[in-house]
Structure formats: C-alpha cells, structure tokens
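Notes follow once the structure below has been shown.
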DNA sequence: TATTAGCACTCGAAATAAATGAGTGCTAAC
DNA sequence: GTTAGCACTCATTTATTTCGAGTGCTAATA
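Protein chains in written order, with my numbering: chain A, 1 to 362; chain B, 1001 to 1362.
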C-alpha cells in the first residue's frame, strides 16, 4: 500500500513526539499539537492503518502508538527534516573541536570523548590508515649493546624503539644498516617486507647478528600498528540518562558490550564515504546486543589515507536529525583538520547525506 | 566501653555475612551459622549494645543489623582475617599480570583494566615518576626546514618530536646544538631548565633562529609529562553489578564522577609506602561523591622513582580482605616488574599490611 | 466517500487494603 | 549471665479497587 501524504505527516509527528517524551503518543495529543486539520477520530483511523503497515505499534490495547524500527527507518529516510545547526552551535562545536585537536595527539579517544559530551550518548571513534609507508630510517648508536631505531612515516609521524642486544655491535654496522634500510625499506608497505627482502639485506650488510631482522620486525610492527584500525568507545555511562535503560541489567549488558570492544559496525564493513552519515536502527544491527539500539555514524576522510568514523549508540528513540548534524559536522571538521588543511569554514556542514541499511530485517 | 571478645566475634560475623548477602543479618542466622555457643536471645542483647556503640545500625525497627562505617573500620583494622590467595589464584594472577605487562607499554591503563577484571569493581591506577632526567639527546637533520628531536630518559624510554621550521637551518648547527644539549641538558630535572641556561646555550651556539628554545621546550615538556602523575579509571560499569547501585541515578552519579577524573584519593595525598594497602570507608572519603562508597588502594614502588597506586571503588560493603590481597599482590608484582627485577616469586604477597584513615569522621 | 462526535470497552498504572513473616525488645524463669 | 517465650513492629508481598488515557466501532454529518 502506498503511504499517503497525510499518513507521512502523522507518522512524522508521532516519531517527533515520541523522541521528545519517550511515552506512547495518542490520537488526541496529535490532533492538538501537530497542525493537521482533522479530528482525533480521523487520526485514530490513520494510526490503525499505520500499525497495519508496520510503521507503528501499540505496547498494549489501550495505549498510544510507538514507532517500530521500520517506522524510524521511514522517518530517517524520508520524513525527518534535516536540522541545520545554528550559528552559535557551529561556533561552539568548532571551538571545542579545535581545542581537542590542538591539545595532544591522542586524537581518536579525544574525539570520541567530545562526541559523547556533545550528544550525551556513548560515542565511538574509529580511525585507520591505508597504505602506510616509512619515509626515513635513522638508527642511533648509543653503546655497543644499545641502539635506537627512529622511523618517520609518510604522514610525518615519528616512532622509535630502544633495542638492547646481548651482543656487541660496532657503529659502522649501524650506519651501514641505516643506509640500507633507507634504500630498500622506505616507501613500501607492510606486506612488501618479505623474508626474501630481509634475507638479501642481511646478506648485503654482512650482518651476522640478526640486527636486520630486529629492525625489519620493528618496521613491520610500526606499519601494522599504524594501519590497524584503532577504536575507542567512551561515555558508556551516559546510557543511564535514557529512560529505556533504567533497568540496570539492560544498561549493564549494553555498557559492557560497548566497553569490551565488541563490534558496533558489521565487521569488515568499510568506513563509508566521507561526509556520509549512516544510521543503523534496532534489528538492522548485526550484533545481538545492539538489536534494540540504534547507531549513528559519520565518516571522515583526511585525504592522506587516514579514514575513520565517529558515532554514537543509543536507544532506537534518538534524535536522529540533531545527532546526525552534529556528527556530520565533526566528521567534516576532522576531514579538514587531519588532512592538514586550514580550519573548517562555518556552514560547510550542510552537505548532510543520510544513508542507511534499507533492507527490512524485521 | 571496651569491646568484649564475644562482641568482636559477633561483629565480624555480621560483617562477613553482610558482605556476602547484602541483606541485614538477624540474630537467628548468626546463632546458627557463626559457631559461638549461645542462643539468639543472647546475641540479640549483644547486637543491641553493638548498635549503641555505633558499630551497627538497623535500617528499621524490625530488621536485622548492618555495619556502620565505624563497624567496617573496626572490621578492617582488627577483625578481618587476612586472606591468603590460594596457589591457583596466585598462578592465575601472575600469569595475567605478566601477559599485560609484556603486551605493550600503555601499562597503567592495562593494569587498571586488569584490576577491574579481577575484582569486578571499577578500578583506578595511578603512576608517577619523580626526578625524571634526560640521559641523551639526538637531533636528526631531515631537511633544511625539518629535524627530529629524540631524547632518551634515565629510565631508557625514548621520546621524539618532529619539528618543522619556517626558516632554514644547516646541518652543522643541528650537530652543534645536539652536542651542547648533551653537555648541558642531560641529568637535570624539569625545574633546572631555566631561562638563564637556555639563553646561555643559545648564545654559545650562536643560534639566532630560536632552535635552542624549541629543543629546550620539548625537553621540558617531556620531563613534565613524564613526571606528571597519570591516572586511569576503568570498568566503571561494573558498579552496576552491585545491589547498592541498582538505582540508575545513584549509579550514574558515581560512574560519571569516576569517569570525569575526579579525585578519588585526597588531592596531594602521597602515594604511600610500597606494599601498603589503604582503605577509605564511606565518609572517610573527602570527595562528596564517594561518601557512601569505599576505596581500597595498594601502593607500588618500582625503585627507580616510579611509584603508583592501584585500587578499586565500590560500595562500603566490599570484600575488603579478598580485594586487599589481590591488589596487594598486583602492586608487589608491579614493584618487581617495573623495577626491572625478575618475575615475581609466588608467596611473596603475604606481607600484607593494611593501614587506613582511622579518624572517626562519621 | 471521508470525516467526526459519541460511547462502550480495555487494560496498565496508581492507590488502597490486607496478609505475611522476619526480626526485634522485653520479661520472667533458669 | 543466659535463654525461652511472646507481644509487637514494620517492610515486603499479594490482592483488590479505582482511575483514566486511549482505543475501536457505530451512526450521524458534510
């Protein structure tokens, strides 16, 4: 059955109201509030049909209506009016983002914390880099048994490691290795560091002590660590703000799932296109623990291979529009800031594209 | 009034039972369980006196007795029988500690997580180093506008920073500065890096570009960061396991206090002597938010200036003995492991000294 | 044909009442 | 000093009632 314009209006009104109050909404309230010129009886008829169509449900016979996941999906896809952030909000967000990003470089966790603060929901942040390579090796000779490996990555971050050896090395060997690594191990990825390469380098350097493999191992470790997606979940306790989590057991279950680093997005799911906001509603989630919660994530892409996500988790009754705007804004800010560009321009957050899993898995 | 031997036994029995069940304990249950050869009537008389003395209280007239903070204090100081960990537990703890410590170097947060897992309470870990100094500087020339500062601290950790300059430097200057910093900035603490020292170095190096201050600033930053106590709180959500936190608001209040990095120990309180376990019961805590919770912390001291704490937070009804043993064991493990000694020996955890704030602040 | 007023009906939530029983304090006997 | 006995208290549990928001349906209306 096609859904009429009026039904859409009513559905939207129900969702809006329910998001606000967390209480089933009845025909009378709708007739009064939402400015659709018809009586509660008419609305009752429409509501009954919306229930038939699967967009709404009744907790019990004599209660108002509550949106089903399908109802939310419809709302998110078609009905919800995309919020624009006010100028003040924009300023505020910008300021706080700037501050976080300038402070230190544990950015992912900080960004997650920020998102959680701003939305008052548990938040997640995820970041990964593709195609990480090393740009430069320096090996510092400290003493006969000690040296420091310093590598500079293609995005100009620097990593180091102190190596203690049971055997003595001379400074010349260290210098030689440094040169060789700069020649053969720069500009290549994790997977290109093969045993063959290591062996040939070892032979060429005339290294009988296994230094080559120590350095190569470190290089691989750094590349792997850097490329591995890092994820942070923060603010789990904010779940307790939500009436649907007043049951401590229910709250605890989800909170420990979130804390335990369980998958929030389908494993292997790609990070999405930049500036895209995705919404997963209730049963659309793959993780059993999230089946009656919703997830909203925004993707960012810094351009230099660093991509990531920021998102929040909450009950299906979330203010999708407001949260999507904020997350989208943050994600765009990140794209710009991490990409090394200048500070974000206000108003740029309007390119809000909402996309979601539309398959009906109820 | 002096507390008789029998009263002590009864008090201990009440606390033990209450810790177990979280329910007020009555005279009858005590007469049956605790093997003190007297009837419930006698015990009732004793209980009434224990209430008078302030060690117990009644939620209401016709309920059993519950320990007051003073009662817990007495229990912790005198009555509780110090648990020894079983051999299996020791093994288990050792194994898990080893694993954590070997894995990576984000130790404090990991140790906190471990403590939380083992006790099933929110846990905190705090660590600080005194007298940090730099052992060695290396400055790597990358290109005319870029160099990397690498410093090695007295505990052999290495820190680095990439510096981009708007002006050009030549390799000679960098070399010169490297030498000078190794001569004048090693072996000194944060506070010894004075403007005077920086100025004189700058002049001596004939550095008109301000490189000296950049490097000195980094040195100071590293020293300050390293010396500043780092604190971690993890597993806040485990509070929800406790019946006294079934009220979501109460739980939320404490959880967000913990997450927000609020003081758990009195600010400025020293880290305590190694192998000492401190217990703060209810109102003994300074933070308003902790007034009806208890904190148990164990101190460790790695010997090289690294000191710290691990502890847990929970309701006043906690299994003080069991938790103190576990924390003490972990702390001793840390003292040994961080101090660079060999792996901990089993059985060494018996030196369990419990000390606490004994002032009666009820 | 679509809308609406009217009304009986449903059913959860809130309020009220009654029953239960664990645990007490006190008294009197041992 | 200890204990059996007993009346009493009071939170908790269970049962009962009341209340009202909201419904579905019918019949009148535009």
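No residue lacks a Cβ here, since even glycine has one placed at the ideal position from N, Cα and C.
Keep in mind it's a predicted model, so treat the numbers as computed, not measured.
Asked: Chain-order list of residues whose beta-carbon lies under 6 Å from that of residue 235 of chain A (same chain, five-residue window excluded); Found: 116, 122, 123
Asked: Residue 1153 of chain B and residue 1140 of chain B closer than 7 Å at C-beta; Found: no
Asked: CB contact below 7 Å: residue 154 of chain A versus chain B; Found: no
Asked: Inter-residue spacing [alpha-carbon to alpha-carbon] between residue 1205 of chain B and residue 306 of chain A; Found: 40 Å
Asked: Proximal residues of chain B, C-beta to C-beta of residue 182 of chain A below 9 Å; Found: Within 9 Å Cβ-Cβ: nothing; residue 182 of chain A doesn't reach chain B, min ~12 Å.
Asked: Per-residue contacts from residue 366 of chain A into chain B (C-beta, under 9 Å); Found: Since the displayed chain A opens at 1 and closes at 362, residue 366 of chain A lies outside it and no answer follows.
Asked: Min CB distance residue 1273 of chain B to chain A below 7 Å; Found: no
Asked: Rounded straight-line distance, which links the Cα of residue 1142 of chain B to that of residue 1275 of chain B; Found: 48 Å
Asked: Ordered list of beta strand (DSSP E) runs contained in the stretch 1203–1249 of chain B, each at least 3 residues; Found: 1230–1234
Asked: Residue-level contact to chain A via CB, residue 1110 of chain B, 7 Å cutoff; Found: no
Asked: Residue 308 of chain A versus residue 314 of chain A - alpha carbon distance; Found: 20 Å
Asked: 7 Å Cβ cutoff met for residue 1018 of chain B and residue 1067 of chain B; Found: yes
Asked: Residues, ordered as in the chain, of the stretch 1248–1267 of chain B that lie near chain A by beta-carbon distance below 7 Å; Found: 1248, 1251, 1252, 1255, 1256, 1259
Asked: Cα-Cα separation, residue 286 of chain A to residue 279 of chain A; Found: 13 Å
Asked: Selected residue, minimal CA-CA separation from residue 14 of chain A, among A:33, A:2, A:4; Found: A:33
Asked: Stretch-stretch touch, CB-based, cutoff 8 Å, three pairs: the stretch 202–220 of chain A with the stretch 180–189 of chain A; Found: yes
Asked: CB contact flag (residue 35 of chain A, residue 56 of chain A, <7 Å); Found: no
Asked: Under the three-state DSSP convention, the category residue 299 of chain A falls into; Found: strand
Asked: Sufficient close CB pairs (3 or more, under 8 Å) joining the stretch 1296–1306 of chain B to the stretch 1324–1337 of chain B; Found: yes
Asked: Any C-beta of chain A under 7 Å from that of residue 1312 of chain B; Found: no
Asked: Cβ contact (3+ pairs, closer than 8 Å) linking the stretch 1251–1258 of chain B and the stretch 1166–1179 of chain B; Found: no
Asked: Whole runs of the alpha helix (DSSP H) within the stretch 162–191 of chain A, excluding any shorter than 4 residues; Found: 171–184
Asked: Spatially closest choice to residue 215 of chain A from A:226, A:242, A:165, by CA coordinates; Found: A:165
Asked: Delimiting residues of the beta strand (DSSP E) encompassing residue 1307 of chain B; Found: 1306–1315
Asked: Beta strand (DSSP E) segment containing residue 1125 of chain B, residue limits; Found: 1123–1129
Asked: Anticipated Cβ contact below 8 Å, residue 1012 of chain B with residue 1079 of chain B, distance rounded; Found: 4 Å
Asked: Cβ-based burial, residue 73 of chain A [other Cβ within 10 Å; buried from 16]; Found: buried
Asked: Contact under 7 Å by Cβ, residue 1126 of chain B with residue 1298 of chain B; Found: no
Asked: The beta strand (DSSP E) enclosing residue 276 of chain A, as first and last residue numbers; Found: 276–281
Asked: Exposed unless 16 or more other CB atoms sit within 10 angstroms - verdict on residue 1016 of chain B; Found: buried
Asked: Nearest-angstrom beta carbon gap, residue 1251 of chain B and residue 243 of chain A [assumed within contact, 8 Å]; Found: Wrong, their Cβ atoms sit about 15 Å apart, outside the cutoff.
Asked: Residue 1266 of chain B, buried or exposed, once every other Cβ within 10 Å from all chains shown has been counted against 16; Found: exposed
Asked: Residue 1224 of chain B and residue 1129 of chain B closer than 7 Å at C-beta; Found: no
Asked: Assigned secondary structure, residue 1146 of chain B (DSSP; H/G/I helix, E/B strand, else coil); Found: strand
Asked: Pick from B:1296, B:1198, B:1173, B:1192 that is closest to residue 1319 of chain B, judged by C-alpha positions; Found: B:1296
Asked: Minimum Cβ-Cβ distance from residue 207 of chain A to chain B less than 7 Å; Found: no
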